[in-house]
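Position one of the sequence shown corresponds to residue 211 (the numbering used here), numbered consecutively onward. Heads up, the beta-carbon is just placed ideally off N, CA and C, and yes, glycines get one too. In what follows, a structure is listed as structure tokens, so that the remarks can point back to it.
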Amino acid sequence: MKSTTCSRSLTRRASVALLSPDRSTTSRRPWQAPARRAERSALPAVGTRWAASKFGRDTILLDMKQFKRVGRFDKESGRLEAEAGIEWPEVIDYLHDAQAGHAKAWAIREKQTGVDRVSLGGSLASNIHGRGLRFPPFVSDIESFVLMDANGKLHTCSRRENGELFALAIGGYGLFGVVVHVTLRLVPRTKVQRVVEVIPVKDLLPWFDKRLEQGFLFGDCQYSTDLDSTPEAHLGVFSCYKPVDPATPIPDRQKQLSAKDWKELYALARSDKKKAFERYAKYYLGTSGQVYWSDTHQLAGNFEGYREAVDAKGGTEMITEVYVKRDALLSLLSKARKDFLEHNVDMTYGTIRFIEKDTESFLAWA
């Protein structure tokens, strides 16, 4: 379960040295110089730009954004090698361009929802997840990667080579080295159809089982943040995606929320949560039946602009994710509801997603 709340506390500033390895250097390994500087200074160096790494004190943070080239693309096996600084939109664009005109094509299986500008290295380091109904975390999409340790030495890591480091670094938040290259396992690109229902959240698990039986691949439940209704009547938008015939047309103009729409919804989430959910549910019901590509439907698009609606003087936001077994979901929701009411929590949005168990990474969260 994921929820975003508004917080008025300020984070203490941290002293972090941000270094950008020089792509123009004649060295074949330009990222090693910052690592050796960290070694000489007895400072830890981390490569991920995700989560809490930026709050470390007396650390060196490597900015890998300029390392975004694609290496080998094996169209037979569906394996794509790219530098760790590449972000999801560029990965998707490359695959589209490299396979233009092909009747069958490869695509990413899943990515984070709600944000696009995240690197492959950062995604690996935090072992991300998407809205897949029956997918494990990102570790299952990784064939191998190249990791640079604190001495600047490169290690190829896979399930067969340096397997222990493979399990540690995926979800290790950069603590075990800097990710330099990643080789992804791709899946066949398909078309999916969105099917939307507005349901009582207490009935979500039977609906989930039903969608699995029907072969749906993706889905989640965006529950109302209005806590004035009774728990029994608390509603959520259960939006799922099922595979359809590849020949199914995708119209040029389909309903989608504009950046302006997202800003208005965000403002309503602060001022009138009931109305915000009603408007959101009405929109999503109106999109039921629309067809998308399995990769691009996961892009956040205009949603990323919603932050512009935040009042700079009103504080900031905090996102929280809680993982429970399915049979504990309703109990968790009941306790969270009680706690939020007691402490007057100003919740922006909440999502329930389903994730399969991670049996590969050492720091498994699923």
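Linking V555 to M528 through their CA atoms gives a straight-line distance of about 11 Å.
Ranking T400, K285 and G295 by CA distance to the CA of M274 puts G295 first. Looking at the DSSP output, V325 sits in no beta bridge, so it has no partner there. Minimum Cα-Cα distance from P456 among the listed residues L271, H312 and D284 corresponds to H312.
S498 and V405 do touch by the CB rule: their CB atoms are close to 6 Å apart, below 8 Å.
Distance check between G560 and each of T530, L509 and A360 places T530 closest, using alpha-carbon atoms only.
In terms of Cα proximity to I352, the closest of L543, D549, K412 and F376 is F376. T497: member of the alpha helix (DSSP H) spanning K483 to T497, first to last residue. Measuring C-alpha to C-alpha distances from P453 to each of F418, K401 and K567 identifies K401 as the nearest. Collapsing the DSSP output to three states places L437 in coil. Pairwise C-beta distances place the region 419-429 out of contact with the region 538-551, as fewer than three of them are shorter than 8 Å.
For H312, no alpha helix (DSSP H) segment is defined, and its DSSP state is neither H nor E. Less than 9 Å divides the Cβ of A335 from the Cβ of G381. Under the rule that a run must span 4 or more residues, the alpha helix (DSSP H) segments found entirely inside the region 402-446 read 414-423. Here S449 is actually not in contact with D462; their C-beta atoms are around 22 Å apart, not less than 8 Å. Under the Cβ criterion (8 Å, minimum of three pairs), the region 318-334 counts as touching the region 388-397. Across the structure, L437 and S287 are spaced so that their CA atoms are roughly 49 Å apart. Looking at the DSSP output, P453 bridges to V402. Residue V389 holds the alpha-carbon nearest to the alpha-carbon of L271 among A477, Q309, V389 and A292. Judged by DSSP in its simplified three-state form, R480 adopts helix.
DSSP, reduced to helix, strand and coil, places F355 within a strand of the structure shown.
As the crow flies, the alpha-carbon of H365 is around 23 Å from that of V328.
The beta carbons of S434 and K483 sit closer together than 9 Å.
Your pair L445 and P416 does not check out as a contact, with CB atoms roughly 15 Å apart and the cut at 8 Å. In this structure, the beta-carbon distance from Q508 to G331 does not fall below 9 Å. The DSSP-derived three-state label of W472 is helix.
In the three-state DSSP reduction, V534 falls in the coil class, being neither helix nor strand. When L385, S571 and C367 are compared, the shortest CA-CA separation from A360 is found for L385. Sixteen is the threshold: since fewer than 16 other Cβ atoms of the shown chains lie within 10 Å of the Cβ of W575, the residue is exposed. Using a Cβ distance threshold of 9 Å, K285 and Q322 do not count as a contacting pair. Taking each of M557, F564 and T558 in turn and checking the Cα distance to A538, the smallest one comes out for F564.
Straight across, the Cα-Cα distance linking P299 with K412 is about 36 Å. By DSSP's assignment, D284 forms a beta bridge with R289.
In the displayed model, L343 falls within coil according to three-state DSSP, outside both helix and strand. Residue pairing for W503: DSSP places it in a beta bridge opposite K401.
Beyond the five residues adjoining it in sequence on each side, I338 comes within less than 6 Å, by CB distance, of Q322 and F348 in the same chain, given in chain order.
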